[in-house]
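Protein chains: 2
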Amino acid sequence: MVTKNQIKLVVSLKQKKYRSQHRLFVVEGEKVVRELLDTGMRPFKIFAGDAVSKGKFKEAEEVSSKALKQMSSLTHPNGILGVFHMAEATDVAVQDWVVVLDAVRDPGNLGTIIRLCDWFGITKLVCSEDTVDCYNPKVLQATMGSIARVDVAYVDLREFLNQTDLPVYGAFMDGASVYTSDLPDKGILVMGNEANGISNEVSDFISKRISIPQFGAPTAESLNVATATAILLSEIRSRE
Amino acid sequence: MVTKNQIKLVVSLKQKKYRSQHRLFVVEGEKVVRELLDTGMRPFKIFAGDAVSKGKFKEAEEVSSKALKQMSSLTHPNGILGVFHMAEATDVAVQDWVVVLDAVRDPGNLGTIIRLCDWFGITKLVCSEDTVDCYNPKVLQATMGSIARVDVAYVDLREFLNQTDLPVYGAFMDGASVYTSDLPDKGILVMGNEANGISNEVSDFISKRISIPQFGAPTAESLNVATATAILLSEIRSRE
Numbered sequence: 014m015v016t017k018n019q020i021k022l023v024v025s026l027k028q029k030k031y032r033s034q035h036r037l038f039v040v041e042g043e044k045v046v047r048e049l050l051d052t053g054m055r056p057f058k059i060f061a062g063d064a065v066s067k068g069k070f071k072e073a074e075e076v077s078s079k080a081l082k083q084m085s086s087l088t089h090p091n092g093i094l095g096v097f098h099m100a101e102a103t104d105v106a107v108q109d110w111v112v113v114l115d116a117v118r119d120p121g122n123l124g125t126i127i128r129l130c131d132w133f134g135i136t137k138l139v140c141s142e143d144t145v146d147c148y149n150p151k152v153l154q155a156t157m158g159s160i161a162r163v164d165v166a167y168v169d170l171r172e173f174l175n176q177t178d179l180p181v182y183g184a185f186m187d188g189a190s191v192y193t194s195d196l197p198d199k200g201i202l203v204m205g206n207e208a209n210g211i212s213n214e215v216s217d218f219i220s221k222r223i224s225i226p227q228f229g230a231p232t233a234e235s236l237n238v239a240t241a242t243a244i245l246l247s248e249i250r251s252r253e
Numbered sequence: 014m015v016t017k018n019q020i021k022l023v024v025s026l027k028q029k030k031y032r033s034q035h036r037l038f039v040v041e042g043e044k045v046v047r048e049l050l051d052t053g054m055r056p057f058k059i060f061a062g063d064a065v066s067k068g069k070f071k072e073a074e075e076v077s078s079k080a081l082k083q084m085s086s087l088t089h090p091n092g093i094l095g096v097f098h099m100a101e102a103t104d105v106a107v108q109d110w111v112v113v114l115d116a117v118r119d120p121g122n123l124g125t126i127i128r129l130c131d132w133f134g135i136t137k138l139v140c141s142e143d144t145v146d147c148y149n150p151k152v153l154q155a156t157m158g159s160i161a162r163v164d165v166a167y168v169d170l171r172e173f174l175n176q177t178d179l180p181v182y183g184a185f186m187d188g189a190s191v192y193t194s195d196l197p198d199k200g201i202l203v204m205g206n207e208a209n210g211i212s213n214e215v216s217d218f219i220s221k222r223i224s225i226p227q228f229g230a231p232t233a234e235s236l237n238v239a240t241a242t243a244i245l246l247s248e249i250r251s252r253e
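Chains as they are written, first to last, in my numbering: chain A, 14 to 253; chain B, 14 to 253.
Next comes the structure, spelled out in structure tokens:
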């Protein structure tokens, strides 16, 4: 039986400050809940809106569809809502490429970039403090289980970049073509904000400015940050 | 002065059947209207919701904010709404790579793919008849001016692929690595539906199955179709 206080807690997790306070986050749907369990993420509670959904998870607790609707961020809740403990941030020495995001604001873009890191085996994603929260429901809907395999940290980028010994690459419209640039076997790749690119404060720490050349008619358009990250990670991994 | 009939016409263009019937489509916002005019797209009407917006386009007609809200697809109309004539489909002989989409349903994915074609200088995008309409407002919001530079055709893919002499490449989870595949200087690249990939009927016409290798821990996840298109077009163009 779900209590009023539990519902209130889950509803509060729609806000970042309560997610940070309780170190809990919410995902919805059988597939993503299954994946997080499979990757060893620790569940706090799993709620099922009906008996069929409950049958799918031995850990699930059946609740009324009204209670599920209250807790859900979806217009049409899909039967399963999982509340998970956030992973503890690891701080292992970096022996590979790290992706750094400077003020990426769109949840869909962050979600896509987490999935890309997972695909390309990048286990560490470092975000500026003003990047969208990776436990935002829209981010989680886009990442699916990848959130369990990519360690996302929010830090002061100037401090982080100041203390690294790795070469720092940054994506700029006017950088050198990535296709003809040397790419070492480890380094840092900085991607900037959707509208403004990499900020001036972060630019100071970039040792190599790279770009993806435009092959069509020159226009004012740029590539979306998630799309550009896809192409750059593909280049990095395919040369190894 | 905008008439009731004009408002009714613009509202009807939210539906694909009326867009096809009138050969007209709607875009919103100063930037995209400016870009379509700059690339020579023929405006039918440009409506401005206030005097400031009107001042930006000599062709604009000022309307009440109530009328603009009626015509707009946005919750908060942004001052400028342009109605444009659809481009006539060209049927030039193909001397380059062509991207083919088999039942891509998400407007954001199609919009991103049109922008990618524009970036990589692919001027012809061929879609199955069940691919989302490229004049859908959500597609146009994602493509911006790229819609004016990429010729999008909706055809029976079996007929189209049956009559081509170009090599037909298709993206499959189990294809050969694109990084080690030969890529000729012209060809067809087929991308499939978000959930089901390339359909069986279309698979029959594919001569070379390619994929983007996974570098991380093997998972059930796949790359999003727009992200995968970005990586494949980058590989195609960077080898030329």
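From the three backbone atoms N, C-alpha and C, an ideal C-beta is built for every residue, glycine too.
This one's a predicted model, so the numbers in the text were calculated from it and none came from an experiment.
Handout entry: Spatially closest choice to serine 77/B from Thr52/B, Lys17/B, Lys27/B, by CA coordinates
Key = Here the question's residue 77/B lines up with position 64 in the second sequence. Ranking the options by Cα distance to serine 77/B, first place goes to Lys17/B.
Exercise for the section: Determine whether the Cβ of glycine 229/B lies closer than 9 Å to any Cβ atom of chain A. Expected result: Counting from one through the second sequence, the residue named residue 229/B turns up at place 216. Chain A contact via Cβ: present.
Handout entry: Residue-level contact to chain B via CB, leucine 50/A, 9 Å cutoff
Key = In the first sequence, the residue the question calls residue 50/A occupies position 37. So, not an interface residue.
Problem - Anticipated Cβ contact below 8 Å, lysine 137/A with aspartate 164/A, distance rounded - result: As a working mapping, residue 137/A is identified with position 124 in the first sequence. As a working mapping, residue 164/A is identified with position 151 in the first sequence. Sure, about 5 Å apart at Cβ, within 8 Å.
Handout entry: Cutoff 9 Å: methionine 186/A Cβ touching any chain B Cβ
Key = Start at 1 with the first residue of the first sequence, and residue 186/A comes out as number 173. False, the Cβ-Cβ gap to chain B never drops below 9 Å.
Practice task
Could you name the residues of chain A that tyrosine 192/B contacts, counting a contact when the two beta carbons are closer than 8 Å?
Solution key: Counting from 1 along the second sequence, the entry for residue 192/B is found at position 179. The contacting residues are Ser251.
Problem - alpha helix (DSSP H) segment containing arginine 250/A, residue limits - result: For the purposes of this step, residue 250/A is identified with residue 237 of the first sequence, where counting begins at 1. From DSSP, the alpha helix (DSSP H) with arginine 250/A extends over 238-251.
Exercise for the section: Just tell me which of Thr52/B, Ser86/B, Gly92/B has its CA closest to the CA of aspartate 68/B. Expected result: Against the second sequence, residue 68/B aligns to sequence position 55. Checking the sequence shown, residue 68/B turns out to be glycine, not aspartate. The candidate whose alpha carbon is nearest that of glycine 68/B is Gly92/B.
Problem - Nearest neighbour of aspartate 131/A, chosen from Gly158/A, Asp143/A, Asp119/A, Arg32/A [CA to CA] - result: What you label residue 131/A is simply residue 118 of the first sequence in a count that begins at 1. Here the closest residue by C-alpha is Gly158/A.
Problem - Whole alpha helix (DSSP H) elements within the segment 136-206 of chain B, 4-residue minimum - result: Complete alpha helix (DSSP H) runs here, min 4: 150-156, 170-175.
Exercise for the section: With 9 Å as the threshold, decide whether the Cβ of alanine 269/A is near any Cβ in chain B. Expected result: There is no way to answer for residue 269/A, as the model of chain A reaches only from 14 to 253.
Exercise for the section: Closer than 7 Å by beta-carbon distance: list the chain B residues that pair up with methionine 157/A, in chain order. Expected result: By one-based count along the first sequence, residue 157/A stands at place 144. Near methionine 157/A (Cβ distances below 7 Å), the residues of chain B are Glu234.
Exercise for the section: Kindly say whether asparagine 237/B, judged by its beta-carbon, lies nearer than 9 Å to any beta-carbon of chain A. Expected result: In the second sequence, counting from the first residue as 1, residue 237/B sits at position 224. At a cut-off of 9 Å between C-beta atoms, asparagine 237/B counts as an interface residue with respect to chain A.
Practice task
Would you mind reading off the limits of the beta strand (DSSP E) that contains isoleucine 219/A?
Solution key: Taking the first residue of the first sequence as position 1, residue 219/A is located at position 206. That residue, isoleucine 219/A, is in no beta strand (DSSP E); it is neither H nor E in DSSP.
Exercise for the section: Report back the beta-carbon spacing between glutamate 74/B and phenylalanine 60/B to the nearest angstrom; my notes put them in contact at under 8 Å. Expected result: By 1-based counting over the second sequence, the position of residue 74/B is 61. By 1-based counting over the second sequence, the position of residue 60/B is 47. Correct: roughly 6 Å between the Cβ atoms.
Practice task
Measuring only between beta-carbons, confirm whether threonine 88/A sits less than 9 Å from chain B.
Solution key: The sequence position of residue 88/A within the first sequence is 75, counting from 1. With 9 Å as the cut-off, threonine 88/A does not count as an interface residue toward chain B.
Practice task
Taking glycine 134/B as the query, report the chain A residues whose CB atoms sit under 9 Å from its CB, ordered along the chain.
Solution key: The residue given as residue 134/B occupies position 121 in the second sequence. Chain order gives the chain A residues near glycine 134/B as Gln227, Phe228, Gly229, Ala230, where near means a beta carbon separation below 9 Å.
Practice task
Assign aspartate 115/A to buried or exposed, taking buried as 16 or more other Cβ atoms, counted over all protein chains shown, within 10 Å of its Cβ.
Solution key: Locating residue 115/A in the first sequence gives position 102, where the first residue counts as 1. Buried, by the Cβ-count rule.
Problem - Cutoff 7 Å; reference isoleucine 20/B; Cβ partners in own chain excluding five residues on either side - result: Within the second sequence, numbered from 1, the residue matching residue 20/B stands at position 7. The residues are Ala80, Gln83, Met84.
Exercise for the section: Run the CB neighbour count on methionine 204/A, radius 10 Å, all protein chains shown included, and call it buried at 16 or more, exposed below. Expected result: The residue labelled residue 204/A in the question sits at position 191 within the first sequence. Classification for methionine 204/A: buried.
Problem - Coarse secondary structure for proline 226/A, derived from DSSP in three states - result: As a working mapping, residue 226/A is identified with position 213 in the first sequence. Proline 226/A falls in the coil class under three-state DSSP.
Exercise for the section: Tell me alanine 61/A's beta-bridge partners as DSSP assigns them. Expected result: As a first step, residue 61/A is located in the first sequence; it is residue number 48 there, counting from the start. Paired residue(s): Glu75/A, Ile93/A.
Practice task
Check distances from the C-beta atoms of the segment 112-140 of chain A to those of chain B and list, in chain order, the residues that come in under 9 Å.
Solution key: Listed by position, the residues of the segment 112-140 of chain A near chain B (Cβ gap below 9 Å) are Gly121, Thr125, Arg128, Leu129, Cys130, Asp131, Trp132, Phe133, Gly134, Ile135, Thr136.
Exercise for the section: Quickly, what does DSSP pair proline 56/A with across the bridge? List them, please. Expected result: Indexing the first sequence from 1 puts residue 56/A at position 43. BP columns for proline 56/A point to Phe97/A.
Practice task
Return the first residue and the last residue of the beta strand (DSSP E) that glutamate 41/B is part of.
Solution key: Locating residue 41/B in the second sequence gives position 28, where the first residue counts as 1. Taken as a continuous stretch (DSSP letters only), the beta strand (DSSP E) holding glutamate 41/B covers 37-41.
Exercise for the section: Just mark glycine 210/B as buried or exposed, buried being the case when its beta carbon has 16 or more other beta carbons within 10 Å. Expected result: The count along the second sequence starts at 1 and reaches residue 210/B at position 197. Burial state of glycine 210/B is buried, judged by a 10 Å Cβ sphere holding 16 or more other Cβ atoms.
Practice task
Would you mind telling me which residues of chain B sit closer than 8 Å to arginine 162/A, beta carbon to beta carbon, in chain order?
Solution key: Position 149 of the first sequence holds residue 162/A. Those are Gly229, Ala230, Thr232, listed as they occur along chain B.
Exercise for the section: Taking valine 23/B as part of the alpha helix (DSSP H), name the residues at either end of that continuous run. Expected result: Here residue 23/B refers to the residue found at position 10 of the second sequence. Unbroken alpha helix (DSSP H) run through valine 23/B: 17-25.
Practice task
Would you mind reading off the limits of the alpha helix (DSSP H) that contains leucine 129/A?
Solution key: The residue given as residue 129/A occupies position 116 in the first sequence. Per DSSP, leucine 129/A belongs to the alpha helix (DSSP H) from 120-132.
Practice task
Using a cut-off of 8 Å between C-beta atoms, extract the partners of serine 224/B located in chain A.
Solution key: By 1-based counting over the second sequence, the position of residue 224/B is 211. Within chain A, no C-beta atom comes nearer than 8 Å to that of serine 224/B; the closest sits roughly 12 Å away.
Handout entry: leucine 87/A (DSSP reduced to helix, strand or coil)
Key = The count along the first sequence starts at 1 and reaches residue 87/A at position 74. When DSSP states are grouped into helix, strand and coil, leucine 87/A belongs to the coil group.
Practice task
On a CA-only basis, which of Ile225/B, Gln227/B, Phe97/B is nearest proline 150/B? Give me that one, please.
Solution key: Taking the first residue of the second sequence as 1, we reach residue 150/B at position 137. Of the candidates Ile225/B, Gln227/B, Phe97/B, the one whose C-alpha sits nearest the C-alpha of proline 150/B is Phe97/B.
Problem - Exposure label - asparagine 175/A; buried when at least 16 CB within 10 Å - result: Counting from 1 along the first sequence, the entry for residue 175/A is found at position 162. Classification for asparagine 175/A: exposed.
Handout entry: Residues that serine 77/B contacts on chain A, provided the C-beta gap is smaller than 9 Å
Key = The count along the second sequence starts at 1 and reaches residue 77/B at position 64. Under the 9 Å cutoff, chain A gives no residues; its nearest Cβ is about 31 Å from serine 77/B.
Exercise for the section: Determine the closest residue to valine 65/A out of Glu142/A, Val111/A, Glu43/A, Cys147/A, with distance taken between C-alpha atoms. Expected result: Residue 65/A sits at position 52 when you count from the first residue of the first sequence. A check of alpha carbon separations from valine 65/A across Glu142/A, Val111/A, Glu43/A, Cys147/A identifies Glu43/A as the nearest.
Handout entry: Minimum Cβ-Cβ distance from glutamate 41/A to chain B less than 9 Å
Key = Indexing the first sequence from 1 puts residue 41/A at position 28. So, not an interface residue.
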